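*Asks:*
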Amino acid sequence: MTEMTDRKVEDNAVSGEPQNKRIADFDPPEKPNANKFAIVCATLACMTSILLGYDIGVMSGANIFIKDDLKITDVQVEVLAGTLNIYSLIGSGLAGVTSDWIGRRYTIVLSGTIFFIGAILMGVAPGYGLLMFGRFVAGVGVGYGLMIAPVYTVEISPALSRGFLTSFPEVFVNVGILLGYVSNYAFSKLPVHMGWRFMLGLGAIPSIVLVVGVLAMPESPRWLVMKGRLGDAKQVLNKTSASKEEAQLRLEDIKEAAGIPMHLNDDIVEVPKQTHGESVWKQLILHPTPAVRHILIAALGIHFFEQASGIDSVVLYSPRIFEKAGIQSYNHKLLATIAVGVVKTLFILVATFLLDRVGRRPLLLISMGGMVFSLGFLGASLTVIDQSQGTVPWAVGLCITMVLFNVAFFSMGLGPVTWVYTSEIFPLKLRAQGCSMGVAINRVTSGIISMTFISLYKAITIGGAFFLYAGVGVVAWIFFYTMLPETQGRTLEEMEVLFGKYHKWKEANAMLKKRKQGDRVDGDEIKSQVN
Numbered sequence: 001m002t003e004m005t006d007r008k009v010e011d012n013a014v015s016g017e018p019q020n021k022r023i024a025d026f027d028p029p030e031k032p033n034a035n036k037f038a039i040v041c042a043t044l045a046c047m048t049s050i051l052l053g054y055d056i057g058v059m060s061g062a063n064i065f066i067k068d069d070l071k072i073t074d075v076q077v078e079v080l081a082g083t084l085n086i087y088s089l090i091g092s093g094l095a096g097v098t099s100d101w102i103g104r105r106y107t108i109v110l111s112g113t114i115f116f117i118g119a120i121l122m123g124v125a126p127g128y129g130l131l132m133f134g135r136f137v138a139g140v141g142v143g144y145g146l147m148i149a150p151v152y153t154v155e156i157s158p159a160l161s162r163g164f165l166t167s168f169p170e171v172f173v174n175v176g177i178l179l180g181y182v183s184n185y186a187f188s189k190l191p192v193h194m195g196w197r198f199m200l201g202l203g204a205i206p207s208i209v210l211v212v213g214v215l216a217m218p219e220s221p222r223w224l225v226m227k228g229r230l231g232d233a234k235q236v237l238n239k240t241s242a243s244k245e246e247a248q249l250r251l252e253d254i255k256e257a258a259g260i261p262m263h264l265n266d267d268i269v270e271v272p273k274q275t276h277g278e279s280v281w282k283q284l285i286l287h288p289t290p291a292v293r294h295i296l297i298a299a300l301g302i303h304f305f306e307q308a309s310g311i312d313s314v315v316l317y318s319p320r321i322f323e324k325a326g327i328q329s330y331n332h333k334l335l336a337t338i339a340v341g342v343v344k345t346l347f348i349l350v351a352t353f354l355l356d357r358v359g360r361r362p363l364l365l366i367s368m369g370g371m372v373f374s375l376g377f378l379g380a381s382l383t384v385i386d387q388s389q390g391t392v393p394w395a396v397g398l399c400i401t402m403v404l405f406n407v408a409f410f411s412m413g414l415g416p417v418t419w420v421y422t423s424e425i426f427p428l429k430l431r432a433q434g435c436s437m438g439v440a441i442n443r444v445t446s447g448i449i450s451m452t453f454i455s456l457y458k459a460i461t462i463g464g465a466f467f468l469y470a471g472v473g474v475v476a477w478i479f480f481y482t483m484l485p486e487t488q489g490r491t492l493e494e495m496e497v498l499f500g501k502y503h504k505w506k507e508a509n510a511m512l513k514k515r516k517q518g519d520r521v522d523g524d525e526i527k528s529q530v531n
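So for the sequence shown, full-length UniProt numbering puts the first residue at 1; every next one is plus one.
1. Starting from aspartate 386, follow the alpha helix (DSSP H) in both directions and report where the run begins and ends.
2. Please report the straight-line C-alpha distance between glycine 143 and glutamine 488, rounded to a whole angstrom.
3. Between which residues of its own chain and phenylalanine 410 is the CB-CB distance below 7 Å, once the five residues before and five after are set aside?
4. What does a CB cutoff of less than 6 Å around aspartate 232 pick up in its chain, not counting 5 residues either side in sequence?
5. Valine 474 to histidine 294, Cα distance in whole Å?
6. Let me confirm a value: serine 528 is counted as buried when at least 16 other C-beta atoms fall within 10 Å, else exposed. Which label applies?
7. Below 8 Å on the Cβ atoms is my contact criterion, and I expect valine 109 with valine 214 to pass it. Report the Cβ-Cβ distance as a whole number of Å.
8. May I ask you to report which of helix, strand or coil DSSP gives glutamate 486?
9. Which value, in whole angstroms, describes the spacing of the CA atoms of isoleucine 425 and alanine 298?
10. Once you ignore the five residues that flank valine 269 on each side, which residues in its own chain have a CB closer than 6 Å to its CB?
11. Are there 16 or more other CB atoms within 10 angstroms of the CB of asparagine 184, so buried, or fewer, so exposed?
12. Can you list, in chain order, the residues of its chain with a C-beta nearer than 6 Å to that of glycine 103? Leave out the 5 residues immediately preceding and following it.
13. Between the alpha carbons of valine 420 and leucine 456, how many angstroms are there, rounded?
14. Taking the alpha helix (DSSP H) that alanine 119 belongs to, which residues open and close that run?
15. Would you decide whether tyrosine 469 is buried or exposed? Buried here means 16 or more other CB atoms lie within 10 Å of its CB.
16. Less than 8 Å between the beta carbons of serine 436 and proline 150, yes or no?
17. If I follow the unbroken alpha helix (DSSP H) through tyrosine 54, where does it start and stop?
18. Which same chain residues, not among the five before or five after leucine 335, have their C-beta less than 8 Å away from its C-beta?
19. State buried or exposed for phenylalanine 353, treating a residue as buried only when at least 16 other CB atoms are found within 10 Å of its CB.
20. Please specify which runs of the alpha helix (DSSP H), each continuous and at least 4 residues long, are wholly inside the region 160-210, giving them in chain order.
21. Relative to the C-alpha of lysine 67, which residue among Asp55, Gly57, Leu80 and Ile56 is closest?
22. Along the chain, where does the alpha helix (DSSP H) containing tyrosine 144 start, and where does it finish?
23. Take methionine 132 and list the residues in its own chain whose beta-carbon comes closer than 6 Å to its own, dropping the five residues that flank it on each side.
24. For a quick check, are the C-beta atoms of proline 221 and leucine 237 less than 8 Å apart?
25. Below 8 Å on the Cβ atoms is my contact criterion, and I expect leucine 382 with glycine 463 to pass it. Report the Cβ-Cβ distance as a whole number of Å.
26. Can you confirm whether the region 85-94 touches the region 200-207 when touching is taken to mean that 3 or more C-beta pairs between the two stretches lie within less than 8 Å?
27. Given 8 Å as the limit, is there contact between the region 164-174 and the region 345-364, that is, 3 or more CB pairs closer than that?
28. Smallest Cα separation from alanine 432: which of Ser92, Ile156, Glu245 and Ala380?
29. Where residue 536 and valine 211 are concerned, what is the direct C-alpha to C-alpha distance, given to the nearest angstrom?
30. Does any CB atom of chain C fall closer than 8 Å to the CB of threonine 107?
31. Between alanine 258 and aspartate 266, what straight-line distance do the alpha-carbon atoms span, to the nearest angstrom?
32. What number of angstroms, rounded off, separates the C-alpha of leucine 363 from the C-alpha of tyrosine 181?
33. Kindly list the residues whose CB is nearer than 7 Å to the CB of glycine 369, restricted to its own chain and excluding five residues on each side of it in sequence; keep chain order.
34. Less than 8 Å between the beta carbons of alanine 465 and phenylalanine 453, yes or no?
35. Does the Cβ-Cβ distance between isoleucine 156 and cysteine 41 come in under 8 Å?
36. State the Cα-Cα distance for the pair lysine 239 and phenylalanine 37, rounded to the nearest angstrom.
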């Protein structure tokens with residue numbers, strides 16, 4: 001009887017639908033107050049993403065002035081723009097181990113501090129060499145931030161608002177991009193040798209705000225439990241859950257995942273010997289379970305396709321695209337890029353509110369389909385302009401419209417869903433390392449796209465480049481449709497049930513739906529039935 005009661009409470013925590021007065025704390029009036037603290041924490045953590053966004057946005061315009069001032073080649077411009085993504089691999093590679101050692105909170109501080117140093121170095125750089133070194137330092141800071149922000153946010157978020165809160169990193173990337181575009185326009189009137197230095201050096205300001213703001217944040221409750229600090233974890237969970245009952249359920253789930261016996265409830269407990277990092281990598285790569293293998297393929301695949309579909313080429317080189325479309329004035333090109341930033345930011349806000357209402361899969365599939373459509377027509381309009389002797393007004397208008405469509409469709413699905421999805425599907429003990437692998441794939445792919453776009457469009461025409469990205473988008477849509485199950489409303493501990501059957505994941509999903517509707521089938525029975 002006790003087990004059935006506990007199961008009912010667990011089901012209610014997942015579905016958010018109270019069924020009797022004993023758990024009335026789950027009623028909607030309680031949730032807004034309980035979630036405000038989680039929103040504040042997620043907001044502060046995700047400010048790390050502003051750093052990457054600002055760099056992407058500001059480099060789109062700054063590289064025009066850097067090329068004129070330092071007299072560098074197009075290849076050097078490509079390297080300058082794209083290597084930050086490669087350098088970020090160092091930060092993302094170290095972030096998993098670092099965050100398990102010093103905690104998620106202080107890893108965020110480390111990220112902001114490193115980026116601050118890099119931004120200052122770029123701002124005072126007298127030449128190309130020191131400028132590249134500053135981008136190296138900033139890239140390490142970005143890598144730390146990209147990995148730790150979604151991990152911290154998903155670990156502090158209750159299941160029912162996890163999609164909303166975990167989409168914050170992508171929201172702040174877009175805010176950063178918009179700020180970078182505005183900075184380009186604001187400093188474009190300065191002398192060439194000063195303008196780009198102000199543009200890049202201004203990136204130090206968000207990192208200062210981040211480091212100061214993080215002092216008001218609590219540590220991740222999951223990290224606290226892994227360190228045996230149950231008392232501290234309870235305090236954080238009580239502040240970020242809809243009720244005391246939900247906080248207790250979340251604590252029990254985390255204790256189970258960490259291997260802590262349920263009867264241990266002291267503020268400080270002895271934690272079973274932690275798995276060494278080498279063993280974690282073995283479980284993740286060398287000897288994964290079918291579920292972990294599926295999770296890893298899904299996570300790495302979605303990160304790869306997010307960048308391989310060419311979004312960085314559109315965002316980072318939008319002034320060049322507009323120039324190819326016939327816009328020659330610096331001011332007009334920079335104003336057009338601001339329009340790109342505004343549209344991108346508006347649609348990411350739309351996605352933020354739809355993630356926990358519509359689900360991850362529908363947004364992802366609609367987003368990728370829209371991107372394929374816009375990339376195809378962008379390639380067509382640029383091809384028409386490229387092959388015409390004079391100005392073709394309708395093609396210019398179509399080109400600008402398709403750029404805006406592309407960033408809009410990206411922001412309403414693929415952009416935020418990539419980070420939400422990968423941060424919520426990994427088991428607790430594999431999460432830090434799994435997410436860092438996803439970030440590594442993301443940054444390598446982004447770096448390759450950024451460092452090859454100019455050379456690519458010179459080789460196959462600018463229209464051909466976007467036709468190529470559209471083709472990659474078609475493959476991505478098929479991958480998403482067949483391999484990625486819906487995770488909306490699932491607890492982190494239910495993910496292992498959903499994954500492991502690859503394209504047959506719908507069978508597991510159906511069993512979990514039965515469970516939420518009152519079927520008392522335990523996890524082992526579900527696994528046996530879908531196997």
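Note that the Cβ used here is the ideal one computed from N, Cα and C, for glycine as well.
Because the structure is a prediction, the values reported are computed rather than measured.
*Replies:* If we stick to the structure as given:
1. Counting along the chain, the alpha helix (DSSP H) containing aspartate 386 begins and ends at 360-387.
2. 27 Å
3. Ile311, Ser367 and Met371
4. Leu224
5. 21 Å
6. With a pLDDT of only 49 at serine 528, under the threshold of 50, the placement of this residue in the model should not be trusted; the figure read from the coordinates follows. It counts as exposed.
7. 5 Å
8. coil
9. 9 Å
10. Gly228 and Leu230
11. buried
12. Glu219 and Trp223
13. 31 Å
14. 104-124
15. buried
16. Cβ atoms of serine 436 and proline 150: not closer than 8 Å.
17. 48-70
18. Tyr185
19. exposed
20. 162-166, 168-187 and 192-201
21. Leu80
22. 128-156 is the extent of the alpha helix (DSSP H) around tyrosine 144.
23. none
24. yes
25. 4 Å
26. The region 200-207 vs the region 85-94: no contact.
27. yes
28. A check of alpha carbon separations from alanine 432 across Ser92, Ile156, Glu245 and Ala380 identifies Ser92 as the nearest.
29. The structure shown does not extend to residue 536, since the chain is modelled only from 1 through 531, so no value can be given for it.
30. This model lacks chain C altogether, as it is built from one protein chain only.
31. Here the alpha carbons of aspartate 266 and alanine 258 stand approximately 16 Å from one another.
32. 27 Å
33. Taken in chain order, the residues that qualify are Trp477.
34. A contact, by the Cβ cut-off of 8 Å.
35. Contact flag set, yes.
36. Approximately 7 Å, taken between the alpha carbons.
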